[in-house]
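**Q**
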Amino acid sequence: ALGVKTKGQVPVKVKTWSYELKSITSETSDAEKLKVDLEIERIARGVFAISGKFFFNVDVAEGDSNMIAAKSFRSPQGDNDYKVLPFQMPATHLYKVLNTHYKDVLMETLKDCSDFPVFENTFEPPMEKKLYTLDSCQFSQDGLPNHLQDGFYKLLIIGSGEVDWNVEVIAEVTQEL
2 ALGVKTKGQV PVKVKTWSYE LKSITSETSD AEKLKVDLEI ERIARGVFAI
52 SGKFFFNVDV AEGDSNMIAA KSFRSPQGDN DYKVLPFQMP ATHLYKVLNT
102 HYKDVLMETL KDCSDFPVFE NTFEPPMEKK LYTLDSCQFS QDGLPNHLQD
152 GFYKLLIIGS GEVDWNVEVI AEVTQEL
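Numbered by this note's numbering, the letters in the sequence shown go through residues 2 to 178 in order.
1. CA-CA distance, I51 and S137?
2. Quick check: the segment 64–74 against the segment 156–174, are there 3 or more CB pairs under 8 Å?
3. To which residues of the same chain is R43 closer than 7 Å at the C-beta, ignoring the five residues directly before and after it?
4. DSSP beta-bridge partners for M90?
5. Considering only residues of the segment 99–165, which uninterrupted alpha helix (DSSP H) runs meet the minimum length of 4 residues and lie entirely inside it, listed in chain order?
6. Taking T26 as the reference, which of L39, S19 and A62 has the closest Cα?
7. Assign S115 to one of two classes, buried (16 or more other C-beta atoms within 10 Å of its C-beta) or exposed (fewer than that).
8. So, using beta-carbon positions, are D105 and G144 closer together than 9 Å?
9. Would DSSP call Y83 helix, strand or coil?
10. Determine the burial state of F120: buried for a count of at least 16 other Cβ atoms within 10 Å of its Cβ, exposed for fewer.
11. Is it right to say G160 is buried, meaning 16 or more other beta carbons lie within 10 angstroms of its own, or is it exposed?
12. Thinking C-alpha only, which one of S19, A32 and V61 is nearest E129?
13. Alpha carbon to alpha carbon, what distance is there between E109 and F57?
14. Can you tell me whether A172 is buried or exposed? The criterion is at least 16 other CB atoms within 10 Å of its CB, across all chains shown.
15. When the distance is taken between beta carbons, is F153 closer than 9 Å to Y83?
16. Using only the alpha-carbon positions, how far apart do A92 and S76 sit?
17. Assuming N100 contacts F124 under a Cβ cut-off of 8 Å, what Cβ separation, rounded to an integer in Å, is found between them?
Right under this line is the structure:
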């Protein structure tokens, strides 16, 4: 079957696609409190990484208004005809995001290439106010679907609360032959 390799009698699912990072942009309502400055780095042919800085100077308390949401979109050609995809995360408190989506999807990648929080069971507040750095972070496809259609995918991460901010990442997906 397509996308399944067998090792003995156990099927092992593999990704049928690869991606190329095309752009990363960010906005903030208050650069004195939160600023994201990231760029795409080409490591080798077909290998991309993200480097940059994330300045975080926000007071966060359990149950306050500091939320993060995520939306995803797809465009067949990469022009402005992006359609909403079902992969969404409703506005969720920062600490809950750290204990779920961040821990499950991002922490493993970021632990070796950044100084973002790393923890065993649950994140222990507070979130440290500091300038976080990413140094050639290559994002794994683990936790992503095994099959994606060709096209351009946009991930929009939206922060709200003491500061309104967003990060938009666009990647082109192509099938592996």
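Ideal placement from N, C-alpha and C gives every residue a C-beta, glycine not left out.
**A** The structure says:
1. 5 Å
2. Counting Cβ pairs under 8 Å, three or more are found: they touch.
3. F49
4. A71
5. 108–111
6. L39
7. buried
8. yes
9. coil
10. exposed
11. buried
12. V61
13. 21 Å
14. buried
15. Contact flag set, yes.
16. Spanning the two alpha carbons is a distance of roughly 24 Å.
17. 5 Å
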